[in-house]
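Student: Here it is, the structure in full.
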Amino acid sequence: MTVKNVQLWILHGTDRKGLLADTLEPLAAAGANLRVVMGYRYPAELDRAAVEVFPIEPAAEAAARKAGFQPSDTPCLLVEGDDRKGLGAEISRALANAGINMGFLVAETIGGKFSAAIGLATGQDATAAAKAIESIRPAPAKAKGKK
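Just so we're aligned, residue 1030 is where the sequence shown starts under our numbering, counting upward by one.
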């Protein structure tokens, strides 16, 4: 499993039809290959929305800024590796045991692989969270010939 700090870019806007498409199209035109895209409405302000993306490479930075994106202040970890039953619970427990509160968690599995973006309050929390996650033991290897 790999754990790395990533820089999310965020755009705040008025919630409307087409906001996500309008903000992603300039990045696509600039050739940005995004690994994380989060679009959401603010629960307490139903007329406000945000789009967060990673990565923004130097070549796409001008397009991102022109589209209204700015670097996010929220420290974020990108966790990737082989999926297994209970991994999300293990990560959550490791963070809880380390006294870390997550600002957000967006996770998915595709083709046996696990990916999660975890937002944290401070850079210190991100460092502690990375250590806690890296301490999770890998799943035991299956014996050959057994299912």
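Glycine included, every Cβ here is placed at the ideal spot set by N, Cα and C.
Under three-state DSSP, which class holds lysine 1160?
Tutor: Locating residue 1160 in the sequence shown gives position 131, counting from the first residue. Looking at lysine 1160 - three-state DSSP - the assignment turns out to be helix.
Student: Check for me: the alpha helix (DSSP H) holding aspartate 1051 runs from which residue to which?
Tutor: Along the sequence shown, one-based indexing puts residue 1051 at 22. Note, aspartate 1051: alpha helix (DSSP H), 1048-1058.
Student: When you compare only the Cα positions, how much space is there between glycine 1152 and valine 1080?
Tutor: Counting from 1 along the sequence shown, the entry for residue 1152 is found at position 123. Counting from 1 along the sequence shown, the entry for residue 1080 is found at position 51. Cα to Cα, the separation comes out at about 21 Å.
Student: Determine the burial state of phenylalanine 1133: buried for a count of at least 16 other Cβ atoms within 10 Å of its Cβ, exposed for fewer.
Tutor: Taking the first residue of the sequence shown as 1, we reach residue 1133 at position 104. Answer is exposed; the Cβ neighbour count stays below 16.
Student: Taking C-beta to C-beta, are alanine 1094 and alanine 1168 nearer than 8 Å?
Tutor: Start at 1 with the first residue of the sequence shown, and residue 1094 comes out as number 65. Start at 1 with the first residue of the sequence shown, and residue 1168 comes out as number 139. At residue 1094 the sequence reads arginine, which differs from the alanine that was named. Result no, Cβ atoms of arginine 1094 and alanine 1168 do not sit closer than 8 Å.
Student: Apart from the five residues on each side of it in sequence, which residues of its chain come closer than 7 Å, Cβ to Cβ, to aspartate 1076?
Tutor: Here residue 1076 refers to the residue found at position 47 when the sequence shown is read from its first residue. Correct list, in chain order: Thr1043 and Asp1044.
Student: For tyrosine 1071, I'd like the list of residues in its chain whose CB is within less than 6 Å of its CB, leaving aside the five on either flank, ordered along the chain.
Tutor: Counting from 1 along the sequence shown, the entry for residue 1071 is found at position 42. Same-chain partners within the cutoff: Arg1077.
Student: Mind checking which residues open and close the beta strand (DSSP E) that includes leucine 1075?
Tutor: For this step, residue 1075 is matched to residue 46 along the sequence shown. It spans 1074-1083 - the beta strand (DSSP E) in which leucine 1075 sits, taken as one unbroken run.
Student: Nearest to valine 1135 by alpha carbon, out of Leu1063, Ala1157, Ala1145 and Ala1127?
Tutor: Along the sequence shown, read from residue 1 onward, the residue named residue 1135 stands at position 106. It is Ala1145.
Student: Kindly indicate the opening and closing residues of the alpha helix (DSSP H) around glycine 1068.
Tutor: As a first step, residue 1068 must be located in the sequence shown, where it is residue number 39. That residue, glycine 1068, is in no alpha helix (DSSP H); its beta strand (DSSP E) goes 1065-1071.
Student: Would you mind giving the Cβ-Cβ distance between leucine 1149 and isoleucine 1129, rounded to the nearest angstrom? I have them listed as a contact below 8 Å.
Tutor: Translated into positions along the sequence shown, residue 1149 becomes position 120. Translated into positions along the sequence shown, residue 1129 becomes position 100. Yes, they are in contact, since the Cβ atoms of leucine 1149 and isoleucine 1129 sit about 7 Å apart, within 8 Å.
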